[in-house]
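Novice: For the sequence shown, the positions run 615 to 863 when this note's numbering is used. Don't be surprised by glycine CBs; every beta carbon is placed ideally from N, CA and C. Below you will find the structure I want to go over with you.
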Amino acid sequence: MAESTSFEPKIVAFTCNWCSYAGADLAGTSRVQYAPNMRIIRVMCSGRVEPTFILEALQNGADGVCVLGCHFGDCHYISGNYEAARRMELLKKLFKDIGMDDRRIMIERVSASEGDRFGSVVNAFTEQIRELGPLPEDYQESLSLMRGALEGERLRIVLGSTKRAFEEGEIEEERYNTTMHDIALEEIERVKMMKALTENGPQTVPEWAEYVGVPKMRIWRHVLALTQKNVIEVVGEKEHYMQYQRRGV
Ligand code: FES
């Protein structure tokens with residue numbers, strides 16, 4: 615939704631040391647005009663930017679976050695910018711799944727000699743965020759759910775092992791992306807299930823299904839996995855369904 619023209623978006627730009635940070639530098643020395651409220655964070659490679667860094671920036675006041683790295687084929691760590699592109703694709707899918715506007719995050723490539731391009735890329739992004747308006751307050755809960763899922767042990771382990779399998783050619787790119795997306799969605803649902811326990815006490819499968827907003831069959835699968843991992847346990851019965859709580863509570 616468009617806001618008043620006085621709105622000056624707060625933008626965080628993660629820039630890789632070798633290309634886009636130098637591009638930003640060149641933009642500065644060439645007096646290319648770009649958004650005054652932009653905070654540039656230098657990282658060694660765009661592949662170093664974890665999805666959680668982007669979420670944290672949005673949780674801490676940014677209205678939009680972009681990641682700027684080397685052009686494909688120019689990454690100093692060979693495949694960091696491909697990894698960054700895959701992570702951004704995953705994050706954008708999750709934004710859509712959870713009802714957030716994925717235009718608030720962006721990845722682009724800018725070389726050290728492209729000061730003008732740096733200016734035009736960040737100005738176009740800033741304009742887009744200006745049109746979207748300030749980050750809605752109700753995004754905070756979704757950001758925290760996503761962060762909980764992405765910081766969880768399961769996703770980190772799977773991300774690490776399938777990344778290796780992908781790099782060694784054991785898994786195709788499309789399958790890798792779909793697998794990551796499915797696991798991330800499952801993790802978001804599990805974070806929501808845990809939140810329901812904190813807010814409402816012991817839960818039955820139908821109660822969880824209603825809280826999380828997914829079919830009961832999907833919750834049953836989570837219950838099975840969480841029980842096997844000793845995360846939850848049966849603590850009672852309600853309306854012919856077992857009630858679960860965090861183990862040891
Ligand atoms: Fe620039 Fe990897 S070093 S994206």
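Less than 7 Å between C-beta atoms, sequence neighbours within five positions excluded: which residues of the same chain meet that for TRP834?
Specialist: Cβ neighbours of TRP834 within its own chain (closer than 7 Å, five residues either side excluded): VAL819.
Novice: Let's see if you can read the secondary structure: which residues bound the alpha helix (DSSP H) around LYS830?
Specialist: 830 to 842
Novice: Any heavy atom of the ligand FES closer than 8 Å to the beta-carbon of MET720?
Specialist: no
Novice: Tell me whether the beta-carbon of GLU670 lies closer than 9 Å to the beta-carbon of ARG761.
Specialist: yes
Novice: Can you list, in chain order, the stretches of the alpha helix (DSSP H) that have 4 or more residues and sit fully within the segment 739 to 823?
Specialist: 753 to 765, 767 to 781, 787 to 814
Novice: DSSP beta-bridge partners for ILE721?
Specialist: VAL681
Novice: Closest to GLU824 by C-alpha separation, out of GLN647, LYS806, ALA649, would be which residue?
Specialist: LYS806
Novice: Measuring from the CB of TYR691, is there a heavy atom of the ligand FES at a distance below 8 Å?
Specialist: yes
Novice: Please list, in chain order, all residues of the same chain as SER618 whose beta carbon is under 6 Å from its beta carbon, the five residues on each side excluded.
Specialist: Caution is warranted here: a pLDDT of 48 is assigned to SER618, below 50, making its placement in the model unreliable, and no coordinate value can be reported.
Novice: Would VAL614 and ILE668 be called neighbours here (beta carbons separated by less than 9 Å)?
Specialist: A question about residue 614 goes unanswered here, because the residues of the chain that appear run from 615 up to 863.
Novice: Leaving out the 5 sequence neighbours to the left and right, which residues in its chain are closer than 7 Å to TYR855 when beta-carbon positions are compared?
Specialist: THR818, VAL819, PRO820
Novice: Classify ILE655 as helix, strand or coil using the three-state DSSP reduction.
Specialist: strand
Novice: Determine whether the Cβ of ARG700 lies closer than 9 Å to any Cβ atom of chain B.
Specialist: Absent here is chain B; the protein component of the structure consists of one chain.
Novice: I believe VAL663 touches ALA698 by the beta-carbon criterion, under 8 Å. Please report the beta-carbon distance rounded to the nearest angstrom.
Specialist: 6 Å
Novice: Between the beta-carbon of MET720 and the beta-carbon of VAL772, is there less than 9 Å?
Specialist: Using a Cβ distance threshold of 9 Å, MET720 and VAL772 do not count as a contacting pair.
Novice: Under three-state DSSP, which class holds MET714?
Specialist: coil
Novice: Just to confirm, does CYS680 get its C-beta within under 8 Å of one of the non-hydrogen atoms of the ligand FES?
Specialist: no
Novice: Here's a check: name, in chain order, each residue in its chain whose Cβ is nearer than 7 Å to the Cβ of TYR691, leaving out the five neighbours to either side.
Specialist: CYS659, GLY661
Novice: Report yes if the CB atom of ILE654 is closer than 9 Å to the CB atom of ALA636, and no otherwise.
Specialist: no
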